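K.L.:
One structure coming up, written as structure tokens, with questions to follow.
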Amino acid sequence: MGQPTEKDYQMMGKALAEARQAIEHGKAGTAALLLWRDRILALGHNEYEETGDMTAHAEIVVFRQAARQLGAMSAGSWSYTARSNPA
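The sequence shown runs 1 to 87 under full-length UniProt numbering.
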């Protein structure tokens with residue numbers, strides 16, 4: 001893996017914005033996004049408090065969103081970014 005690209009920084013910025021929005025709504029500041037074919041397929045934050053599902057962490061939330069959209073994913077065709085507790 002090489003140096004981060006401008007696209008990497010843009011995607012991290014989107015994850016940070018999602019994390020900040022979660023904080024503004026009194027939730028944990030953890031967010032994740034998943035890219036597929038160079039577009040955002042899924043973006044989310046921790047949902048365990050509102051759903052009561054202790055597995056609904058941001059990472060799992062975006063994988064579930066992606067699975068619903070794609071049905072199945074082939075390894076290597078997606079990129080994943082997560083961010084926790086932005087300053």
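Just so it is clear, CB atoms sit at the ideal spot from N, CA and C, and this is done for glycine as well. These numbers were taken from a predicted model, which means no experiment stands behind them.
Just how far apart, CA to CA, sit residue 67 and residue 35?
P.N.:
Those two C-alpha atoms are separated by around 12 Å.
K.L.:
Please specify which runs of the beta strand (DSSP E), each continuous and at least 3 residues long, are wholly inside the UniProt domain "CMP/dCMP-type deaminase" (6-87), giving them in chain order.
P.N.:
Those beta strand (DSSP E) runs which fall completely within the UniProt domain "CMP/dCMP-type deaminase" (6-87) and span 3+ residues are 30-36, 39-45, 78-84.
K.L.:
Who are the Cβ neighbours of residue 23 in its own chain at under 6 Å, not counting the five residues just before and after it?
P.N.:
Around residue 23: 29.
K.L.:
Between the beta-carbon of residue 6 and the beta-carbon of residue 43, is there less than 7 Å?
P.N.:
Going by C-beta atoms, residue 6 is not nearer than 7 Å to residue 43.
K.L.:
Thinking C-beta only, is residue 33 closer than 7 Å to residue 15?
P.N.:
It is a contact, given that the beta carbons lie within the stated cut-off.
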